[in-house]
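K.L.:
2 protein chains.
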Amino acid sequence: MANTTIKKLAHELNLSVGTVSKALKDSHEISIETKRKVHELVNKLNYVPNPYASSLRKRKSKTIAVVLPEVADSFFSLAINGIEAVAQDKGYHVLIYLTHENFSKEQSILKDFKSGRVDGILISVSRETTQGNHICDVQTLGIPVVFFDRVCDEVETAKVTTNDFESGYVAAKHLIVRGCKQITYLSISNTLSIANKRMEGYCKALTDHRMETKENGVVFCTNNEAYNYNAIKNLMSNKDHPDGLIASVEKLTITVYHVCNDLNLQIPQDVKVISFSNLSSALILNPSLTTITQPAFEMGEAAASLLFNALEKRNFILKGENIILPSVLNIRNSTK
Amino acid sequence: MANTTIKKLAHELNLSVGTVSKALKDSHEISIETKRKVHELVNKLNYVPNPYASSLRKRKSKTIAVVLPEVADSFFSLAINGIEAVAQDKGYHVLIYLTHENFSKEQSILKDFKSGRVDGILISVSRETTQGNHICDVQTLGIPVVFFDRVCDEVETAKVTTNDFESGYVAAKHLIVRGCKQITYLSISNTLSIANKRMEGYCKALTDHRMETKENGVVFCTNNEAYNYNAIKNLMSNKDHPDGLIASVEKLTITVYHVCNDLNLQIPQDVKVISFSNLSSALILNPSLTTITQPAFEMGEAAASLLFNALEKRNFILKGENIILPSVLNIRNSTK
DNA sequence: CTGAAAGCGCTAACAA
DNA sequence: TTGTTAGCGCTTTCAG
Chain A
116 MANTTIKKLA
126 HELNLSVGTV
136 SKALKDSHEI
146 SIETKRKVHE
156 LVNKLNYVPN
166 PYASSLRKRK
176 SKTIAVVLPE
186 VADSFFSLAI
196 NGIEAVAQDK
206 GYHVLIYLTH
216 ENFSKEQSIL
226 KDFKSGRVDG
236 ILISVSRETT
246 QGNHICDVQT
256 LGIPVVFFDR
266 VCDEVETAKV
276 TTNDFESGYV
286 AAKHLIVRGC
296 KQITYLSISN
306 TLSIANKRME
316 GYCKALTDHR
326 METKENGVVF
336 CTNNEAYNYN
346 AIKNLMSNKD
356 HPDGLIASVE
366 KLTITVYHVC
376 NDLNLQIPQD
386 VKVISFSNLS
396 SALILNPSLT
406 TITQPAFEMG
416 EAAASLLFNA
426 LEKRNFILKG
436 ENIILPSVLN
446 IRNSTK
Chain B
116 MANTTIKKLA
126 HELNLSVGTV
136 SKALKDSHEI
146 SIETKRKVHE
156 LVNKLNYVPN
166 PYASSLRKRK
176 SKTIAVVLPE
186 VADSFFSLAI
196 NGIEAVAQDK
206 GYHVLIYLTH
216 ENFSKEQSIL
226 KDFKSGRVDG
236 ILISVSRETT
246 QGNHICDVQT
256 LGIPVVFFDR
266 VCDEVETAKV
276 TTNDFESGYV
286 AAKHLIVRGC
296 KQITYLSISN
306 TLSIANKRME
316 GYCKALTDHR
326 METKENGVVF
336 CTNNEAYNYN
346 AIKNLMSNKD
356 HPDGLIASVE
366 KLTITVYHVC
376 NDLNLQIPQD
386 VKVISFSNLS
396 SALILNPSLT
406 TITQPAFEMG
416 EAAASLLFNA
426 LEKRNFILKG
436 ENIILPSVLN
446 IRNSTK
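Listed in order, the protein sequences are those of chains A and B.
All the letters of the first sequence, read from the start, carry residue numbers 116 to 451 under this note's numbering.
All the letters of the second sequence, read from the start, carry residue numbers 116 to 451 under this note's numbering.
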């Protein structure tokens, strides 16, 4: 650990630690001359204050936690960028935790936060998360929490999401307009808020356009790629397979393309595909992919900003804040 | 911040804080019965020890820093996964910092580490980094540093890389074997270790196969997408444009595909393309992309393991450890 | 304008 | 087996 302490500075300068401490935070009760001398020595000795001593004393860590299901997904990568940008700007540090879509891991990560390790939390819940006690627990301790993208409805706090319902509707409607008669929605969870909202939008579009929801209208995928491959292959092997697919998350797209390739199905002739995705390579896929793109960076940024507001204004309590940033439809060849 | 402290526990149980502290770490000098009572109350009150108090006292933070150029790149996303997996396993926390390829940002981030905020550092340097004083400075303070992927040669410490020279050679040779007569290497920096090693491998392959290095044999790209687009477009607009391209990093691939599309150049007929990339969508690009894939997850894992070794064994000093994990060539249609 | 002193919550030597 | 004590480095009253 570091060696230069405030005590050493004080000793060298024949000042008290209190005076040095005040000089360091540019207190008005310290003379210009003293401040100058202090800063000079600080530069000379390369002094950097011990953050843990100060955290202990001030009961603030200037650190936030970002809890994510995973990071190998363009959405979360972009969101981290947005979060980190705001944090760096505000002088905060960012601890990152991955749940790998595992609820009990999420619980134990959250439990640690009761220690006061972080001043605030940004979280996108795991696909397994169906209740939010572990989150309420830390809130009770006065630690603000902001959800982004994947929220937990029952927890009352700020949420930054995108217009999932409308996007599901738009996706389905786009396929309908392009002539699809039988559209399947590939879900990733029957409990996750975003998956369900997107699905509801999809259902509404079907109803509005007098299309019945077939039994294989929704296929639930998992965290296991091999399983998903088989489920989708199974679906598409059928003689009257769907002629339209909506992938609710990015990673399912690649599986869909593989299945179609392996079954010799042409996209978009045999089946049209649209995906919720932030893949920067969507445009150069074979065929180029029609996407619903979420404003990932902006969502991260907005969530972080909300959190820092709560952190910096006293008596600022996060309640029902609900920021909804719109996704956009990018029409490409996979739905031609 | 948290409210239950060790003092409160001690008070409730009519014990001294020292005893409770020892009971919590399962010290042999505490009776079974006392330990039981302590744990009971711990569970009841949901006590979690204050990490900052303990860090201050023990001069250890159980936290490492991961410093990256960016995160919206499959390589770094996968590497974070590897790092986080090891850290979570060892009970360490992970602070993440992005330099956005900016050297002075990297410096100020490193400077903060002199405070003792972290016990160790994993870093992949920015493209602008040409010297390592800021890194040596923290090392001098006894904080171990492990480089991964993008190293700083002059700093003596452990490094985890992939076989960049050989990969550059393999990439060029692959294009030569496939009949390319004029191959251009798209670099991202003339100082970055990985970019140069890959380039040297490329040059060696040309020499070995009696091909001369043309003036436009290497094109230096930047961090600016528009600039890169123009540079590559310029290169490819020429009548005798190269018939083979090596993209030294993932993000350049997408630009290359766009340029070719805009200039109506067919890949691989008019120009063959190979890229250093971890894109999971490489297989479903149009055309599917031949890649040199780095073992990103494994590199993150290896770097983290090395660091934790240094952290946990006393008197363990990182010196010339040099782990080289091989990349693999995946031949696909873009070089057919 | 500067100094003295208490204490944030925890650990670890030493005493009992 | 348990208790006492002295800090880790810093902030912040309160006095001078």
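Glycine is no exception: its CB is placed at the ideal position from the N, C-alpha and C atoms.
#1: Does the Cβ of N437 (chain A) have 16 or more other Cβ atoms within 10 Å, making it buried, or fewer, making it exposed?
#2: Could you tell me the boundaries of the beta strand (DSSP E) in which Y212 (chain B) lies?
#3: Looking at C-alpha atoms only, which residue of A:F280, A:A187, A:T322 is the closest neighbour of R313 (chain A)?
#4: Can you look up Y344 (chain B) in the DSSP assignment and give me helix, strand or coil?
#5: Going by DSSP, what residue range makes up the beta strand (DSSP E) through Y300 (chain A)?
#6: Taking Cβ positions only, does L143 (chain A) come closer than 9 Å to chain B?
#7: Are the stretch 257-266 of chain A and the stretch 418-426 of chain A touching, with three or more C-beta to C-beta distances below 8 Å?
#8: Where do the ends of the alpha helix (DSSP H) carrying S223 (chain B) lie?
#9: For Y167 (chain B), would you say it is in contact with chain A, using Cβ-to-Cβ distances shorter than 9 Å as the test?
#10: What is the rounded straight-line gap between the Cα of P184 (chain B) and the Cα of V201 (chain B)?
#11: Suppose contacts are defined by Cβ-Cβ distances below 9 Å. Is G257 (chain A) in contact with Y284 (chain A) by that definition?
#12: Chain B partners of N207 (chain A), CB-CB under 8 Å?
#13: Expressed to the nearest angstrom, what Euclidean distance is found between the alpha-carbon atoms of M116 (chain B) and Y207 (chain B)?
#14: Thinking just about the alpha-carbon of each residue, which of A:L210, A:N129, A:S230, A:E243 is nearest to the one in V157 (chain B)?
#15: At a Cβ threshold of 9 Å, is Q381 (chain A) touching chain B?
#16: Opposite G235 (chain B) in the DSSP bridges: which residues?
#17: Consider the Cβ of P410 (chain A): report whether some Cβ of chain B lies at a distance smaller than 9 Å.
#18: So, is the C-beta of L444 (chain B) closer than 9 Å to a C-beta in chain A?
#19: Buried or exposed: P383 (chain A), going by 16 or more other Cβ atoms within 10 Å of its Cβ?
#20: According to DSSP, which residues form a beta bridge with T276 (chain A)?
#21: Which residues in the same chain have their Cβ closer than 8 Å to the Cβ of E351 (chain A), if we skip the five residues on either side of it in sequence?
#22: Spatial neighbours of L433 (chain A) within its chain, please: C-beta separation below 6 Å, excluding the five flanking residues on both sides.
#23: To which residues does DSSP link K387 (chain B) through a beta bridge?
#24: Say whether chain A places a C-beta atom closer than 9 Å to the C-beta of R265 (chain B).
#25: Flag V240 (chain A) as yes if its beta-carbon sits less than 9 Å from any beta-carbon of chain B, otherwise no.
#26: Please list the partners that P259 (chain B) has in chain A, where partner means a Cβ-to-Cβ separation under 7 Å.
#27: Measuring alpha carbon to alpha carbon, tell me which of B:K177, B:V292, B:K175, B:V364 ends up nearest R265 (chain B).
#28: Which residues in chain A have a C-beta closer than 8 Å to the C-beta of R232 (chain B)? List them in chain order.
#29: Can you tell me whether A341 (chain A) is buried or exposed, with buried defined as 16 or more other CB within 10 angstroms of its CB?
#30: Out of A:S308, A:V333, A:I309, A:E148, point me to the one whose CA is closest to S298 (chain A)'s CA.
#31: Express the C-alpha separation of K288 (chain B) and T101 (chain B) in angstroms, rounding to a whole number.
#32: Once the 5 residues before and after K451 (chain A) are set aside, which same chain residues still bring their CB inside 8 Å of it?
#33: Looking at the strands, I want to know which residues DSSP matches up with F190 (chain A).
#34: Of all Cβ atoms in chain B, is any one closer than 9 Å to the Cβ of D487 (chain A)?
#35: To the nearest angstrom, report how far apart V135 (chain B) and A168 (chain A) are at their CA atoms.
#36: Answer yes or no: does any C-beta atom of chain A fall closer than 9 Å to that of Q297 (chain B)?
P.N.:
With the given structure in hand:
#1: exposed
#2: 208-213
#3: A:F280
#4: helix
#5: 298-302
#6: In the sequence on display, residue 143 (chain A) carries His and not Leu. Output row for H143 (chain A): interface = no.
#7: yes
#8: 218-227
#9: yes
#10: 21 Å
#11: no
#12: What sits at residue 207 (chain A) in the sequence shown is Tyr, not Asn. The premise fails here: Y207 (chain A) is roughly 11 Å from chain B at the closest Cβ pair, so nothing lies under 8 Å.
#13: With a pLDDT of only 47 at M116 (chain B), under the threshold of 50, the placement of this residue in the model should not be trusted; the figure read from the coordinates follows. Near 20 Å, if we compare the C-alpha coordinates of Y207 (chain B) and M116 (chain B).
#14: A:S230
#15: no
#16: B:I179
#17: no
#18: no
#19: buried
#20: A:I439
#21: As written in the sequence, residue 351 (chain A) is Met, which differs from the Glu given in the question. Around M351 (chain A): P357, V374, C375, L378, L380, V386.
#22: P259, T272, A273, A425
#23: B:G359
#24: no
#25: no
#26: Near P259 (chain B) there are no residues of chain A at all, since even the closest Cβ is about 13 Å away, more than 7 Å.
#27: B:V364
#28: P166, Y167, H208
#29: exposed
#30: Before going on, a small fix: residue 298 (chain A) reads as Ile here, not Ser. Nearest of A:S308, A:V333, A:I309, A:E148 to I298 (chain A), Cα basis: A:V333.
#31: As shown, chain B starts at 116 and ends at 451. That puts residue 101 (chain B) outside it, with no answer to give.
#32: R293, P383, K387, P402
#33: Answer is none; F190 (chain A) lacks a bridge partner.
#34: With chain A represented from 116 up to 451, any question about residue 487 (chain A) goes unanswered, as that position is not in the structure.
#35: 22 Å
#36: no
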